[in-house]
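Chemist: Mind having a look at this structure? Questions to follow.
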Amino acid sequence: MDIVEGVRQGDVRAMARLMSWIENDGPEATAALKALYPATGRALIVGITGPPGTGKSTLTDLLTKEFRRGGKTVGIVAVDPTSPFTGGAILADRIRMQQHSLDPGVFIRSMATRGHLGGLARATNDVANVLDAAGKGLIFIETVGVGQDEVEIVKTAHTTVVVTVPGLGDDVQAIKAGILEIADIFVINKADREGADKAAAELQAMMGLASGRRAWTPPILKTVATQGQGIAELAQEILAHQASLDREGGREARHRERSRAVFFELLQERVTRRLVERATANGTLDITIERIVRREVDPYSAVDELLAKAGL
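Position one of the sequence shown corresponds to residue -16 (the working numbering), numbered consecutively onward.
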């Protein structure tokens, strides 16, 4: 079976194989993604983000159960820290979600960040497109959880769920750093702990400061994921946000924003790669670096020279 046709039919092996090609940045992956692109744009993409230790994996696991009960097919992209020994993903999230492994309506993929900043693997968008083309109606992207750099998730997701827990000293600072602007739903998990009401009040106060900036007011939910509390309400808020996007034309706007981000990332990557390959082949790169080392030219001027020679 052709791999593109296999993905369209939801074949697990074809999907896994293509995702491996994507992570290895092979040319065959690009060809397949080009062919699959017209079949994308149907799935709802939900980002689950927040500091480490807030229970994002448990929430994702239980949300998957909830939406499966409603008949939705689900794809999960768990962006893990890169293993310092193998360079691959540390598969903690996939281990936690083993109960879904026999469900044909759920596909789980763990991905390594490979040193990429911001908590999202470079190939996350491509993997989400594979899941989309395979017919998954809902795609969860659970990020590493590295604090304020998590704002990158907004470039990928239609709905962004920001998870926190009571007692994290840097919660307010993280929110001030930009999380407030990207959250569509706030979740205070482990709400059976002391301080949950205080955390909710602080978030509410900050939402008040941001009032008028957005058509959608992010709700603040309390959950105890280990006990399954608040999961159904969270699922309903995700669907409510989807409905709001559809009414206000927000889904199309987010598709446009995502497309723009992907285009510029690819453009930057391809242009840089081609310039470096050309400069390496003709020996210009090594010569230029030596000139910089000897202080014959500064790196800024050297880059300008390289771009000028390429006609850019």
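Idealized CB from N, CA, C, for every residue including glycine.
Computed from a predicted model, the values in this text were never measured in an experiment.
On the CB-based measure, 16 or more other CB atoms within 10 Å of its CB, does L19 come out buried or exposed?
Modeler: By the 10 Å Cβ count, L19 comes out buried.
Chemist: Using a Cβ-Cβ cutoff of less than 8 Å, which residues in the same chain neighbour E220 once the five nearest sequence positions on both sides are dropped?
Modeler: Once the five neighbours on either side are set aside, the close Cβ partners of E220 are I168, P202 and L204.
Chemist: Going by DSSP, name the residue or residues bridged to E61.
Modeler: Here the sequence assigns Ala to residue 61, which means Glu is not the residue at that position. In the DSSP output, where bridge partners are listed per residue, A61 has S93 and E125.
Chemist: Just to confirm, is the Cβ distance from A376 to K138 under 8 Å?
Modeler: Absent from the model: residue 376. The displayed extent of the chain is -16 to 295, so no value can be given.
Chemist: Sorted by chain position, which residues of the same chain lie with C-beta nearer than 8 Å to A15's C-beta, five sequence neighbours on each side aside?
Modeler: Cβ within range, chain order: I(-14), V(-13), V(-10), L1 and W4.
Chemist: So is E240 buried or exposed if we call it buried at 16+ other beta carbons inside 10 Å?
Modeler: The residue in question, E240, is exposed, as its Cβ has fewer than 16 Cβ neighbours within 10 Å.
Chemist: In the DSSP assignment, find the unbroken beta strand (DSSP E) run with L27 in it and report its ends.
Modeler: First-last of the beta strand (DSSP E) with L27: L27 to T32.
Chemist: How is the beta strand (DSSP E) around V245 delimited, first residue to last?
Modeler: Looking at the DSSP string, V245 is not in any beta strand (DSSP E); the run it does join, the alpha helix (DSSP H), is G233 to A264.
Chemist: Of the residues H141, I59, A182 and L27, which one's Cα is nearest the Cα of R237?
Modeler: For R237, the nearest C-alpha among the options comes from H141.
Chemist: What residue ranges within the segment 178 to 217 form continuous alpha helix (DSSP H) runs of no fewer than 4 residues, ordered along the chain?
Modeler: Entirely contained in the segment 178 to 217, the alpha helix (DSSP H) runs reaching 4 residues are, in chain order, 179 to 192.
Chemist: Please return the same chain residues whose Cβ sits closer than 6 Å to the Cβ of T43, not counting the five positions on each side in sequence.
Modeler: I31, F123 and E125, listed in sequence order.
Chemist: Assuming T37 contacts N172 (C-beta within less than 8 Å), just tell me the rounded distance between them.
Modeler: Indeed, because the Cβ distance is near 6 Å, the residues count as touching under 8 Å.
Chemist: Need the endpoints of the alpha helix (DSSP H) that I275 sits in, please.
Modeler: Residues T267 to V276.
Chemist: Consult DSSP for I73 and reduce its assignment to one of helix, strand or coil.
Modeler: With a pLDDT of 45 at I73, under the threshold of 50, the modelled position of this residue cannot be trusted, and the question is left open.
Chemist: T43 by DSSP, collapsed to three states: which one?
Modeler: It is helical.
Chemist: Quick one: give me the first and last residue of the alpha helix (DSSP H) that I5 is part of.
Modeler: I5 -> alpha helix (DSSP H) spans V(-5) to E6.
Chemist: May I have the straight-line CA-CA distance separating A188 from E216, to the nearest angstrom?
Modeler: So the two alpha carbons sit approximately 22 Å from each other.
Chemist: Relative to the C-alpha of T23, which candidate in A116, R52, M190 and E252 has its C-alpha closest?
Modeler: Comparing Cα-Cα distances from T23 to each of A116, R52, M190 and E252, the minimum goes to A116.
Chemist: Can you grab the Cα-Cα spacing for the pair G233 / T200, in whole Å?
Modeler: Between G233 and T200, the C-alpha separation is close to 14 Å.
Chemist: Considering only DSSP beta bridges, list what F169 is partnered with.
Modeler: The partner list for F169 (beta bridge, DSSP) reads V145 and I203.
Chemist: Whole-angstrom Cβ separation of R57 and F50, contact assumed at under 8 Å?
Modeler: Residue identity check: residue 57 is Val in the sequence provided, not Arg. Contact flag correct, Cβ pair sits at about 6 Å.
Chemist: Out of G120, I91 and N108, point me to the one whose CA is closest to T13's CA.
Modeler: Taking only the C-alpha atoms, the option nearest T13 is N108.
Chemist: So for Q(-8), helix, strand or coil by DSSP?
Modeler: Residue state, collapsed to three classes: coil.
Chemist: Here's the rule I'm using: 16 or more other beta-carbon atoms within 10 Å means buried, otherwise exposed. How should K181 be labelled?
Modeler: K181 is exposed by the Cβ-count criterion.
Chemist: Roughly how many angstroms separate the alpha carbons of L85 and R176, rounded to a whole number?
Modeler: Whole-angstrom Cα-Cα distance: 34 Å.
Chemist: Might you give, ordered along the chain, the residues of its own chain that have their beta carbon closer than 6 Å to the beta carbon of V146, omitting 5 neighbours on each side?
Modeler: Contacts found: G33, T37, K39, V170 and N172.
Chemist: Determine the burial state of L121: buried for a count of at least 16 other Cβ atoms within 10 Å of its Cβ, exposed for fewer.
Modeler: Label assigned to L121: buried.
Chemist: How many angstroms separate the CA atom of L250 from the CA atom of Q212?
Modeler: L250 and Q212: Cα-Cα distance of roughly 44 Å.
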